[in-house]
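Those protein sequence lines, which keep their order, are chains F and W.
Quick note, in our numbering, the first sequence goes up one by one and the last residue is 482.
Quick note, in our numbering, the second sequence goes up one by one and the last residue is 482.
Where a beta carbon is used, it is the ideal one built from N, C-alpha and C, also for glycine.
Below you'll find the structure, written out as C-alpha cells, and then a few comments.
Number of protein chains: 2
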Amino acid sequence: MPRQELDLQQDAALLTAALVDLPSESGNEQPLADAVEAALRPLPHLTVDRYGNNVIARTRLGRPERVILAGHLDTVPIADNVPSRLDGNGVLWGCGTSDMKAGVAVQLRIAATVPDPNRDLTFVFYDNEEVAAHLNGLGHVAAAHPDWLAGDFAVLLEPSSGQVEGGCQGTLRVELRTTGQRAHTARSWMGANAIHAASPILARLAAYEPRRKVIDGLEYREGLNAVRVEGGVAGNVIPDACTVTVNYRYAPDLSEEQALAHVREVFAACGEWELTVDDSSGAALPGLSHPAAKAFIEAVGGEPQPKFGWTDVARFSALGVPAVNYGPGDPNLAHKRDERVETAKILHCEERLRGWLTA
Amino acid sequence: MPRQELDLQQDAALLTAALVDLPSESGNEQPLADAVEAALRPLPHLTVDRYGNNVIARTRLGRPERVILAGHLDTVPIADNVPSRLDGNGVLWGCGTSDMKAGVAVQLRIAATVPDPNRDLTFVFYDNEEVAAHLNGLGHVAAAHPDWLAGDFAVLLEPSSGQVEGGCQGTLRVELRTTGQRAHTARSWMGANAIHAASPILARLAAYEPRRKVIDGLEYREGLNAVRVEGGVAGNVIPDACTVTVNYRYAPDLSEEQALAHVREVFAACGEWELTVDDSSGAALPGLSHPAAKAFIEAVGGEPQPKFGWTDVARFSALGVPAVNYGPGDPNLAHKRDERVETAKILHCEERLRGWLTA
C-alpha cells in the first residue's frame with residue numbers, strides 16, 4: 124500500500140474525513156500511525172517519538188505548565204461505513220467519525236497550527252483502545268516511557284458531545300461464591316442449599332444505599348449491583364454452589380484497595396462466601412482545581428460533569444496527571460453502523476482548545 | 124433374531140440372569156416383551172393382554188380383592204455389563220439386575236407358580252420407564268385401557284432393598300421470574316436490577332420451614348428448594364431478568380393443584396414475579412390402611428417407610444389404586460456399571476409374596 128499523506132492545513136472537518144478514509148481497525152493502526160508520524164515530523168516546534176504504533180509529539184518551550192492532548196487511533200470494526208460521506212446538513216458519516224477521529228483531527232490541527240502555545244503541549248496518539256485492556260497502547264507507553272506522558276493536566280478527546288467530563292469512576296467486579304452440599308431434593312434435609320446461602324448477599328445488595336460523593340464540584344454517584352447470579356445442578360438436586368457477581372462503581376476518592384475493602388465490609392455479615400476479584404480498574408480524580416484545568420474549563424465553557432463510565436483518563440490519573448474527557452463526538456453514536464459527527468462541532472472544539480492554549 | 128424362550132420353572136435367581144441376558148434397553152423392549160407374553164400365554168389361569176410392548180396378565184377367580192404386581196421391562200443403556208455374571212458369593216452382576224429384572228423375575232415366578240391365589244392378581248410388565256415420562260408404558264396403558272389396571276392395591280417391584288416404601292411424594296417445579304430494566308452499571312440509577320428483585324424470593328426460601336406430615340403411620344418430610352438461579356446480561360449491565368427455579372416435594376395429602384396454590388401463597392409477599400410450571404407429578408397415598416395392604420405388610424414384615432422419590436406408584440394412585448414399592452434390588456446400585464443383586468434377596472422376596480398370596 125502506498126504511504127497515505129495527511130494534509131494538516133485543511134480544516135478539521137475535512138481532516139476527519141481523510142482520517143476515516145484511512146481505515147485503522149484495532150490491530151491495524153500502522154498505516155494511520157505512519158501517516159500521523161510523517162505529518163508531524165516536519166514540524167520544527169515538535170519533538171516526535173514513536174513506540175509501536177503509538178506516536179508522541181511534544182513542544183519544549185520551557186513553559187511552567189505542560190498539558191497533554193490524547194486520542195486513540197483505532198476504531199471498532201468497519202460495518203459498511205467507510206469511506207466517509209458528508210451529507211447536505213454538514214454531518215459526516217462513517218466508522219470512527221465520532222469515536223474518535225474527529226478528536227484526533229482536532230489534536231492534529233492544534234499540533235500543526237499552534238507553534239507557540241501558552242503551555243507546553245504533549246500530543247499522544249495511541250493504538251488498541253477498543254480492545255482488551257492489556258493491548259492498550261497508552262498503557263504500553265505508560266509502562267515503557269512514563270516520562271513521555273509527564274504533565275500537569277490531560278484532555279482526552281473521546282466523544283463527550285463537547286461537554287467536559289471530569290475524571291472517571293472506578294470499577295471493581297468480584298464473584299461471591301457460596302457453597303453447600305448436594306442431595307436429592309426428595310431428601311433435601313440431607314443437603315445444604317448454596318442458593319439459599321446466597322440469600323443474605325442479595326438482600327444486602329437490595330438494601331444497599333449507594334454513596335454520592337462531591338469531588339471538585341462534581342457529584343459522583345456510586346452503584347453496587349449484582350450483574351450475574353448462577354447456581355444449580357439439576358432440577359432434582361440441592362445445589363452445592365452459587366455465584367453472585369457484583370460490580371461496584373465508585374467515586375474517585377477511593378483507591379482500588381479501598382473499594383475492595385468496602386465490598387468485603389458490605390457483605391461481612393452475609394454468611395460464608397469466597398471472594399474472587401474478576402476485574403478492577405481504578406478511578407480517576409477530575410483534578411479540576413489545578414490551574415491549567417481551571418483555565419481550560421473557563422475557555423471551553425459549560426458545566427463540567429462527572430464521567431460515569433471508565434475511560435483512559437484513569438491511566439493518566441494513575442500517572443499522577445489529572446484528566447478530563449472533552450471531544451466533539453456524541454458518545455451515544457460510537458460503535459454504531461450509523462456513526463456520524465456534526466462537522467460544526469469539530470470546528471467548535473478546535474476553536475475552544477485553540478482559545479485556551481493561545482490566550 | 125430367533126425368539127428367546129423364558130423357562131419360568133427355574134428359580135427366580137436363574138430367571139433374573141436369563142432376563143438380564145435378553146437385553147431390553149428403553150425403546151428396545153420388544154424381544155423381552157415377546158418372550159414374557161409367550162411364557163405367560165400357555166398358563167391356563169391367566170388372561171393375557173398386550174398393548175405395544177406392555178403385557179398384562181390377570182387371574183379371573185372372582186376373589187373379593189384384586190392386587191397388582193407391576194414392573195418395567197426396560198433398563199438404562201448397557202455399560203459393558205451384559206451378559207450377567209454370578210460370582211462365588213451368590214451375587215448376580217449385570218445391567219438391570221437390581222433395576223429391575225430381579226423384580227420382574229419374581230413377578231413371573233408368582234404368575235407361573237401361584238395358580239390359585241387368595242386374591243385375584245394382575246401382572247403388569249411395561250416399557251420405557253427409564254426415559255421421558257410421556258413414553259412410559261404404564262402411562263400409555265392407563266390412558267388406553269384403564270380397566271386393565273383396576274385393583275385394590277398395587278406392589279411395584281422396584282428396588283427397595285426388600286423394604287416396603289409407601290406411596291410417594293409429589294414433585295412440583297416452577298420458575299419464578301423477576302424483571303427489571305437494563306442500564307449501564309456506571310449509571311445504575313437509570314435501571315432496575317432484576318437479581319436484586321429476586322432477593323425476597325431467596326430470603327423466603329431460606330426461612331421456609333418444611334412440613335412433616337404423618338399419613339398411614341408414615342412421616343413424609345417435605346422440601347422447598349431453589350434448584351437453579353440464573354440472571355445476568357454482561358459484567359457492566361444492570362440485569363433485566365432473573366429466574367429462580369423452585370422444586371417443591373410434598374406429602375401425598377396434597378393434590379397437584381393444592382401444591383401449586385401453596386407455592387404461590389409462600390411467595391405472595393415477595394414482590395412481583397411471574398410463575399411458570401416447569402414440571403408437576405402428583406403424589407401417591409400409601410394406602411396402608413387397606414385390608415390387602417395390611418395383610419401385605421404383615422406378610423413381608425419390617426417397618427414400612429415413606430418413599431421420598433417420585434415413582435410409578437403415583438400412576439396407580441392417580442387411578443385410585445394405593446401402591447407401594449417393594450423389590451429385591453438395592454436402589455443405590457441402580458443405573459451403575461457395577462449394578463448387581465444378591466440372589467438370596469430375590470428368593471426371599473418371592474417367598475414373602477407367595478406367603479402373602481397363598482396364606
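Top-ranked residue by Cα proximity to Q428(W), from Q292(W), D210(W) and L209(W) = Checked all of Q292(W), D210(W) and L209(W); the closest Cα to Q428(W) is Q292(W).
Where E188(W) meets chain F, residues with beta-carbon distance less than 7 Å = Chain-ordered listing is empty here: chain F has no CB closer than 7 Å to the CB of E188(W), the nearest sitting near 31 Å.
Would you kindly work out how many angstroms separate the C-alpha atoms of F276(W) and P445(W), rounded to a whole number?
-> Using only the alpha carbons, I get a separation of about 5 Å.
If contact means a Cβ-Cβ distance below 9 Å, which residues of the region 339-358 of chain F contact chain W?
-> Residues R344, E345, G346, L347, N348, A349, V350, R351, V352, E353, G354, G355, V356, A357 and G358.
Any chain W beta carbon closer than 9 Å to A406(F) | At a cut-off of 9 Å between beta carbons, A406(F) makes no contact with chain W.
Compute the Euclidean distance between the alpha carbons of L209(W) and T220(W), then round it to the nearest angstrom.
-> Going from the Cα of L209(W) to the Cα of T220(W) covers about 11 Å.
Could you have a look at S284(F) and say whether DSSP puts it in helix, strand or coil?
-> Of the three classes helix, strand and coil, the one that applies to S284(F) here is coil, per DSSP.
Express the C-alpha separation of T466(W) and V159(W) in angstroms, rounding to a whole number.
-> Near 21 Å, if we compare the C-alpha coordinates of T466(W) and V159(W).
Counting only beta-carbon atoms, is H257(W) nearer than 9 Å to chain F?
-> H257(W) does not count as touching chain F.
Quick one: measure Cβ to Cβ for V199(W) and H458(W), integer angstroms, because I've assumed they're closer than 8 Å.
-> A Cβ-Cβ separation of about 5 Å places V199(W) in contact with H458(W) under the 8 Å criterion.
Is the distance from the Cβ of A140(F) to the Cβ of L231(F) below 9 Å?
-> Against a cut-off of 9 Å, the Cβ pair of L231(F) and A140(F) comes out as no contact.
Taking DSSP as the reference, what is the three-state secondary structure of L442(W)?
-> Here L442(W) carries a coil assignment [DSSP, helix/strand/coil].
Whole-angstrom distance between A320(F) and E388(F), CA atom to CA atom | Using only the alpha carbons, I get a separation of about 18 Å.
Would you verify that the beta carbon of W216(W) is, or is not, closer than 9 Å to some beta carbon of chain F?
-> Output row for W216(W): interface = no.
Out of V337(F), M223(F), H168(F) and R296(F), point me to the one whose CA is closest to L142(F)'s CA.
-> Minimum Cα distance to L142(F) is reached at M223(F).
With 16 other Cβ atoms within 10 Å as the buried cut-off, status of T294(F) = The residue in question, T294(F), is buried, as its Cβ has 16 or more Cβ neighbours within 10 Å.
Can you name the residues of chain W whose CB is closer than 8 Å to the CB of P454(F)?
-> Within chain W, no residue comes near P454(F); the closest Cβ sits about 11 Å away, beyond 8 Å.
Which word fits P409(W), buried or exposed, when buried means at least 16 other C-beta atoms lie within 10 angstroms of its C-beta?
-> So P409(W) counts as buried.
CB-CB length for A193(F) against L279(F), believed under 8 Å = Rounded, the Cβ-Cβ distance is 5 Å, consistent with contact.
Member of K336(W), R372(W), D197(W) and T308(W) whose CA lies at the smallest distance from the CA of H307(F) = It is R372(W).
Residue ranges of each beta strand (DSSP E) within the region 174-201 of chain W, 3 or longer | 177-181 and 189-195, all fully within the region 174-201 of chain W.
Please classify D485(F): is it buried, with 16 or more other beta-carbons within 10 angstroms of its beta-carbon, or exposed?
-> An answer regarding residue 485(F) cannot be provided, because it is not within the stretch 124 to 482 covered by chain F.
Does DSSP put K224(F) in a helix, a strand or coil?
-> Secondary structure at K224(F): helix, using DSSP grouped into helix, strand and coil.
What is the DSSP secondary structure of V237(F), reduced to helix, strand or coil?
-> Of the three classes helix, strand and coil, the one that applies to V237(F) here is coil, per DSSP.
Show which residues of chain F have a CB atom less than 7 Å away from the CB atom of L299(W).
-> Listed along chain F, no residue sits closer than 7 Å to L299(W) by beta-carbon distance, the nearest being about 12 Å off.
Among Y249(W), A441(W), A391(W) and L383(W), the one whose alpha carbon lies nearest that of A407(W) = Answer by Cα proximity: A441(W).
Cα-Cα separation between R296(W) and N251(W), rounded to whole angstroms = Cα to Cα, R296(W) sits roughly 23 Å from N251(W).
Positions along the region 312-325 of chain F whose CB lies within less than 7 Å of some CB in chain W | Those residues of the region 312-325 of chain F that come within reach of chain W (Cβ to Cβ, closer than 7 Å) are W312, N316, I318, H319, A321, S322 and L325.
Does the pairing of the region 253-267 of chain F with the region 408-424 of chain F give three or more beta-carbon distances under 8 Å?
-> Too few Cβ pairs lie closer than 8 Å, so no.
Counting only beta-carbon atoms, is N370(W) nearer than 9 Å to chain F?
-> Residue contact check for N370(W) against chain F: a CB pair falls below 9 Å.
Along the chain, where does the alpha helix (DSSP H) that runs through L377(W) open and close?
-> Neither: L377(W) is in no alpha helix (DSSP H) and is coded neither H nor E.
Which one of N176(W), Y174(W) and R181(W) has the shortest CA to CA distance from P167(W)?
-> Minimum Cα-Cα distance from P167(W) among the listed residues N176(W), Y174(W) and R181(W) corresponds to R181(W).
Using alpha carbons as the reference points, say which of S378(F), H268(F), T366(F) and I469(F) lies closest to S403(F).
-> When each option's Cα is compared against that of S403(F), the closest is S378(F).
Across which residues does DSSP place Q428(F) in a beta bridge pair?
-> E288(F), per the DSSP bridge assignment.
With which residues is Q304(W) paired in a DSSP beta bridge?
-> According to the DSSP secondary-structure assignment, Q304(W) is paired through a beta bridge with A315(W).
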